[in-house]
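Engineer: The sequence shown runs contiguously to residue 685 in our numbering. Quick reminder that beta carbons are idealized off the backbone N, C-alpha and C, glycines included. To start, I am sharing the structure in question, which I have written as C-alpha cells.
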Amino acid sequence: MLKNLSQIIKYYGIPFLVFRVYYALERKTGLQKKKFKIRPWNSFGLVDLIARDVQSFYASIGKFFFEKGQVPSVHGYKMLERADKVLQNRFLYFFKHEMDMGEKPDWFLNPLTGKRANPNVHWTAIQDLDPEFGDIKYVWEASRFAWTYELVRAFAATGDSKYVEKFWELFTDWYEANPPNQGIHYYCGQETSIRMMALCFAFFAFFEHPASTDENLEKLLKAIGTHAERVEKNIQYAISTRTNHALTESMGIYTVGLIFPQFKRAKIWKRKGKRIFERIALKQIFADGAYIQHSMNYHRLMLQTMIWAIRIAQLNHDRFSDALLRQVEKATDFLYQFQDIETGRVPNYGPNDGAVIMPLNSCDYLDYRPVIQAAHYLLTSKKLYTEGPWDEDLVWFFGEQAVSVDAAQKPQGNFAFPAGGYFSFRGASSHGLLRCHHYKTRPSHADALHLDIWFRGINVFRDSGSYLYNNSGSLEHFFSGTNAHNTISVDNLDQMTAGPRFIWFDWIQTGKVEYIERGNRVFFAGEHYGYRRLGGNIVHRRSVEFYKDLDLWIVTDHLTGTGYHDLQLNWQFGVNNFEFNSNFANLKVGESNLLLYTKTSVQAKYSILTGSLKEPAGFESLYYGSNHESAAMQITTGSDLPVKFVSVIAPSDKISISEAEQGLTIHDVDSQSIIKLIQL
Numbered sequence: 006m007l008k009n010l011s012q013i014i015k016y017y018g019i020p021f022l023v024f025r026v027y028y029a030l031e032r033k034t035g036l037q038k039k040k041f042k043i044r045p046w047n048s049f050g051l052v053d054l055i056a057r058d059v060q061s062f063y064a065s066i067g068k069f070f071f072e073k074g075q076v077p078s079v080h081g082y083k084m085l086e087r088a089d090k091v092l093q094n095r096f097l098y099f100f101k102h103e104m105d106m107g108e109k110p111d112w113f114l115n116p117l118t119g120k121r122a123n124p125n126v127h128w129t130a131i132q133d134l135d136p137e138f139g140d141i142k143y144v145w146e147a148s149r150f151a152w153t154y155e156l157v158r159a160f161a162a163t164g165d166s167k168y169v170e171k172f173w174e175l176f177t178d179w180y181e182a183n184p185p186n187q188g189i190h191y192y193c194g195q196e197t198s199i200r201m202m203a204l205c206f207a208f209f210a211f212f213e214h215p216a217s218t219d220e221n222l223e224k225l226l227k228a229i230g231t232h233a234e235r236v237e238k239n240i241q242y243a244i245s246t247r248t249n250h251a252l253t254e255s256m257g258i259y260t261v262g263l264i265f266p267q268f269k270r271a272k273i274w275k276r277k278g279k280r281i282f283e284r285i286a287l288k289q290i291f292a293d294g295a296y297i298q299h300s301m302n303y304h305r306l307m308l309q310t311m312i313w314a315i316r317i318a319q320l321n322h323d324r325f326s327d328a329l330l331r332q333v334e335k336a337t338d339f340l341y342q343f344q345d346i347e348t349g350r351v352p353n354y355g356p357n358d359g360a361v362i363m364p365l366n367s368c369d370y371l372d373y374r375p376v377i378q379a380a381h382y383l384l385t386s387k388k389l390y391t392e393g394p395w396d397e398d399l400v401w402f403f404g405e406q407a408v409s410v411d412a413a414q415k416p417q418g419n420f421a422f423p424a425g426g427y428f429s430f431r432g433a434s435s436h437g438l439l440r441c442h443h444y445k446t447r448p449s450h451a452d453a454l455h456l457d458i459w460f461r462g463i464n465v466f467r468d469s470g471s472y473l474y475n476n477s478g479s480l481e482h483f484f485s486g487t488n489a490h491n492t493i494s495v496d497n498l499d500q501m502t503a504g505p506r507f508i509w510f511d512w513i514q515t516g517k518v519e520y521i522e523r524g525n526r527v528f529f530a531g532e533h534y535g536y537r538r539l540g541g542n543i544v545h546r547r548s549v550e551f552y553k554d555l556d557l558w559i560v561t562d563h564l565t566g567t568g569y570h571d572l573q574l575n576w577q578f579g580v581n582n583f584e585f586n587s588n589f590a591n592l593k594v595g596e597s598n599l600l601l602y603t604k605t606s607v608q609a610k611y612s613i614l615t616g617s618l619k620e621p622a623g624f625e626s627l628y629y630g631s632n633h634e635s636a637a638m639q640i641t642t643g644s645d646l647p648v649k650f651v652s653v654i655a656p657s658d659k660i661s662i663s664e665a666e667q668g669l670t671i672h673d674v675d676s677q678s679i680i681k682l683i684q685l
C-alpha cells in the first residue's frame, strides 16, 4: 500500500493526490449533491437559464456547421439502413453490436446482461464498477445519442419527416426519464458533453421542421443548458484524469457558450472552455504529433474534438493559436503515417473503447480515412484521398464544395516519433509499427517493444486489442498485458505491475534507442528495463532489421542480466490460415504466403495457442465488446540469462526453409550481415 502511494505521488504528483482525496471527501460527505442539485424539468423553464427573453435568445444564436434548418445535400451516401433501424429502436452499440431496445427504450438497461442501473439516485451515488448493472459503457451507449447523427443524415438525404419525428420521440422519452443530475447519465462529464454535441447537431438540423415545435425546442435548449452547467462545474475532475475527457468537456462548453451567447453563463463557458481546451491540447499532443493516451482510437477521438472546436471557432470569427494548429497538423500526419491506405485501417493499438463521437459517414468503425481526411482539409483546404464515403464528413463540416477539391496524396515512409515512442517501417508490400516509450505520462498497455506488421493490407502480426474495460475472469488483465502483444514476457509477468483499473505501477523505462534509414535498409534498436524489479539487472533489447524492397524483417531479441528465468516470445497472428512446423510458420495472406522463422540460443518450446483461457492466449478484439479466437505463436524457454531470440519474417519467395535441416536461406540478398544476424 505504501509503495503504491509513493508511486502515485511520484508519477502524478502531490497536487493530483490532494485533489483526488478532496474530491472523494466531497462525494462522501454529500457536498457534491448540494453542488449538483436534482431539479425536475417542470421546476424551471428556459427563461431561467437565459439572460433575456426567448425571442432575443433565438436572434443571437451563432453559426453552426450549417445554417439552422438547412442541412447539406448528402445524396449518394449510404445511411438509410442504419437510420431505419433506429426507427425500430434498434441501436448500434460501439458501431458493431445491434441491440433491440424493444417498443420503448429503457435508458438504464444494460442490454448485454439484462441488468438495470437505478434511475432514481443522484449521480454521485453511482459506482462505475457496480455489479448491479455490469459494464457501465453498455448502459451509457444509447444515451450518447450517436443515433441522432444517423437520423439527421437520413433526413438530409430524403427529407422524410419520419426521421425528425423519431428524434423528438426518443429525445422526449430520454428527457422525461433523466432530470438534471439524477441517474447514471450525468455521472460522467464526457458522456454528458458527447450527448450535448449531438443535441446541438439536432437543434440546427431540425430547427425549421414542423415537428420542432416551440415546446420541443425549448426542452432541447433546456437540456443543452443544464448539460453545460453539469460539465463546467465538474471539469476540474476531467482535467485531473489527464485524458481526452478534458478535451471533450472543454470543447462542449466552449461550443455552447459560443453559439448560444444568451445563456446566462455563456461568456464563462466560452472563455473557460477555450482556455482549458487549448492548454490541455498543447499538453496532450506530444511534440511529434503522438497522443498522450497511447491509443490509435483515442488519437482519433482527439482529432475529432480538434475538427469540431477549430471549425466552430472559424465560423464564429474566433480562432485558436497557431501553436495548436501546428500540433493538430502533426497529429494528423502521425495517424496517416501508420495507416493502411487501401483499407483505411491503422494498428489496433492501445485502449479501444468503441468511440466515434461524430459518426457522420457510413465507413466501418475501423476505417480512419474520414477523420484524417477532415482534419487534413481543415488545415490545408486539400484532400488526401480520392472521392469515397469518407468524404461525407467534409460535407457536414465544410459544405458540399469541399468534396470536389482534387486529392493530393502525401507519401508514407519510414518515420521516428520519439516523443510518443512510435517507429514506423514501410516497404514494398509491408509496413509496421514498433513501440518503445519512456513513460512520463500514464501508460495504457504493458507492451514495450511490441511490433505490428502488415502485409498487403492485412495485419498479419497484430495487437490483441482491448475487448472490455470492465472485464472479469481469466481475461481480466490479458488484453492490456504483455502476452497479448508481440514482445517478450519474463516469468509470465507483465512488464509493469498492475494496479487498480487503468493504473499501472513500475512504469516502463527505456534507453539507447537507434533508428536509421539508409537506402533500402531501416534499422531500429531499443531496450526497456521493465523487469529490473525482479532483480538481476534484466534488460530486454530488441533490434529490427528491415529491408524495404524485399519486405524482409529480422527481429533479434536479447535478454541480458543474471539468474534463471522463464521467457516467452509471443507472435499474435492476424490470419487463421497457416501451417506450423516446429520453429516456423507459413501464413496465407491473400494470394501470398508470409513465412515466420524463429530460432533461440537455448532449447525452447514452440507452440500455437488458439482461444486458450488457461494461459490465456489466442484472442483478438477489433471492436469494443467483441472478442474472437485467433492464433498466437509462443516460443517459451527456461534458462539462465543471457538468452537470444531471432525471428525472420518475409514473403515465401524471398526465404526458404529446409524442414530436414531447419536451415534458412535468404534469396536476393548480398549483404552477409543478414546471415550473421541470425547466427546465434
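Just grab the DSSP bridge partners of Gln750 for me.
Structural biologist: Examination of residue 750 is not possible in this model, given that the chain is present from 6 through 685 alone.
Engineer: Taking the alpha carbon of Glu596 as the reference point, which residue from Ile463, Asn476, Leu384 has its own alpha carbon closest?
Structural biologist: Residue Ile463 is the option with its Cα nearest to Glu596.
Engineer: Going by beta carbon distance, what residues of the same chain come within less than 6 Å of Asn542, once the five residues before and after it are set aside?
Structural biologist: Within the same chain, Asn542 has close Cβ partners Gly566.
Engineer: In or out: Val465 buried (at least 16 other Cβ within 10 Å) or exposed?
Structural biologist: With 16 or more other Cβ atoms within 10 Å, it is buried.
Engineer: Just to confirm the assignment, what range does the alpha helix (DSSP H) spanning Asn221 have?
Structural biologist: Segment 219 to 238, the alpha helix (DSSP H) holding Asn221.
Engineer: For Phe589 and His436, what's the separation of their Cα atoms in angstroms?
Structural biologist: Going from the Cα of Phe589 to the Cα of His436 covers about 21 Å.
Engineer: Do the CB positions of Arg284 and Arg447 come within less than 8 Å of each other?
Structural biologist: For Arg284 and Arg447, no; Cβs fall outside 8 Å.
Engineer: Whose C-alpha, out of Arg95, Glu103, Leu555, is nearest the C-alpha of Lys109?
Structural biologist: Checked all of Arg95, Glu103, Leu555; the closest Cα to Lys109 is Arg95.
Engineer: To the nearest angstrom, report how far apart Leu574 and Phe484 are at their CA atoms.
Structural biologist: Leu574 and Phe484: Cα-Cα distance of roughly 16 Å.
Engineer: Within 10 angstroms of the Cβ of Ala29, are there 16 or more other Cβ atoms? Answer buried if so, exposed if not.
Structural biologist: Result: exposed.
Engineer: Express the C-alpha separation of Val648 and Tyr143 in angstroms, rounding to a whole number.
Structural biologist: Cα to Cα, the separation comes out at about 45 Å.
Engineer: Per DSSP, Leu36 forms a beta bridge with which residues?
Structural biologist: None, per the DSSP bridge assignment.
Engineer: From the DSSP output, read off the bridge partner residues of Gln309.
Structural biologist: In the DSSP output, where bridge partners are listed per residue, Gln309 has none listed.
Engineer: Is DSSP giving Asp645 helix, strand or coil here?
Structural biologist: In the structure shown, Asp645 sits in a strand (DSSP, three-state: E or B).
Engineer: Quick check on the DSSP output: the beta strand (DSSP E) that includes Trp512 runs from which residue to which?
Structural biologist: From DSSP, Trp512 is part of no beta strand (DSSP E); its letter is neither H nor E.
Engineer: Among the candidates Leu599, Gly643, Gln12, Gly516, whose CA atom is the shortest distance from the CA of Val434?
Structural biologist: Sequence inspection shows Ser at residue 434; the Val mentioned does not correspond to that position. Of the candidates Leu599, Gly643, Gln12, Gly516, the one whose C-alpha sits nearest the C-alpha of Ser434 is Leu599.
Engineer: Can you tell which of Gly540, Ala451, Ser652 has the C-alpha that lies nearest to the C-alpha of Phe551?
Structural biologist: The shortest C-alpha separation from Phe551 is found at Ser652.
Engineer: Which stretch, first to last residue, makes up the beta strand (DSSP E) that contains Ala590?
Structural biologist: 589 to 594 is the span of the beta strand (DSSP E), which, as asked, contains Ala590.
Engineer: If Phe339 and Asp293 are in contact, beta carbons under 8 Å, what's the gap, nearest whole angstrom?
Structural biologist: Rounded, the Cβ-Cβ distance is 7 Å, consistent with contact.
Engineer: In this structure, does DSSP put Ala503 in helix, strand or coil?
Structural biologist: If DSSP states are grouped into helix, strand and coil, Ala503 belongs with the strands.
Engineer: Could you tell me whether the Cβ atoms of Tyr259 and Ala210 are closer together than 8 Å?
Structural biologist: Cβ atoms of Tyr259 and Ala210: not closer than 8 Å.
Engineer: By the 10 Å Cβ neighbour count, where 16 or more other Cβ atoms means buried, how is Phe113 classified, buried or exposed?
Structural biologist: Looking at its Cβ environment, which holds 16 or more other Cβ atoms inside 10 Å, Phe113 is buried.
Engineer: Would you mind stating whether Ala637 and Trp576 have Cβ atoms separated by less than 8 Å?
Structural biologist: Closer than 8 Å, so yes.
Engineer: Tell me the DSSP secondary structure of Leu600 in three-state form.
Structural biologist: Strand, per DSSP.
Engineer: Hey, which unbroken runs of the alpha helix (DSSP H) at 4 residues or more fall wholly within the stretch 431 to 503?
Structural biologist: Listed in chain order, there is nothing to give.
Engineer: Along the chain, where does the alpha helix (DSSP H) containing Lys275 start, and where does it finish?
Structural biologist: Note, Lys275: alpha helix (DSSP H), 271 to 289.
Engineer: Looking at C-alpha atoms only, which residue of Ala489, Lys593, Tyr427, Lys610 is the closest neighbour of Tyr520?
Structural biologist: Taking only the C-alpha atoms, the option nearest Tyr520 is Tyr427.
Engineer: Mind checking Ser386: buried by the 16 CB within 10 Å criterion, or exposed?
Structural biologist: By the 10 Å Cβ count, Ser386 comes out exposed.
Engineer: To the nearest angstrom, how far is the alpha carbon of Gly278 from that of Phe403?
Structural biologist: Their Cα atoms are separated by approximately 23 Å.
Engineer: Taking the alpha-carbon positions, what's the Val607 to Ile513 distance?
Structural biologist: Taking the straight line from one Cα to the other gives about 27 Å.
Engineer: State the start and end residues of the unbroken beta strand (DSSP E) segment that holds Leu557.
Structural biologist: Its beta strand (DSSP E) spans residues 557 to 565.
Engineer: For Ala424 and His381, I'd like the C-alpha separation in whole angstroms.
Structural biologist: Their backbone Cα atoms lie some 22 Å apart in a straight line.
Engineer: Hey, how far is the Cα of Glu664 from the Cα of Ser587?
Structural biologist: Bear in mind that a pLDDT of 45 at Glu664, under 50, signals an unreliable position, so the number given afterwards is only what the model happens to contain. Cα to Cα, the separation comes out at about 9 Å.
Engineer: Could you tell me whether the Cβ atoms of Ile240 and Gly194 are closer together than 8 Å?
Structural biologist: Yes, these two residues count as a Cβ contact at 8 Å.
Engineer: Can Leu365 and Glu397 be called in contact, C-beta distance under 8 Å?
Structural biologist: Yes, the pair counts as a contact, with Cβ atoms nearer than the cut-off.
Engineer: Give the secondary structure of Phe21 by DSSP, where H, G and I count as helix, E and B as strand, and everything else as coil.
Structural biologist: Reduced to three states, the DSSP call for Phe21 is helix.
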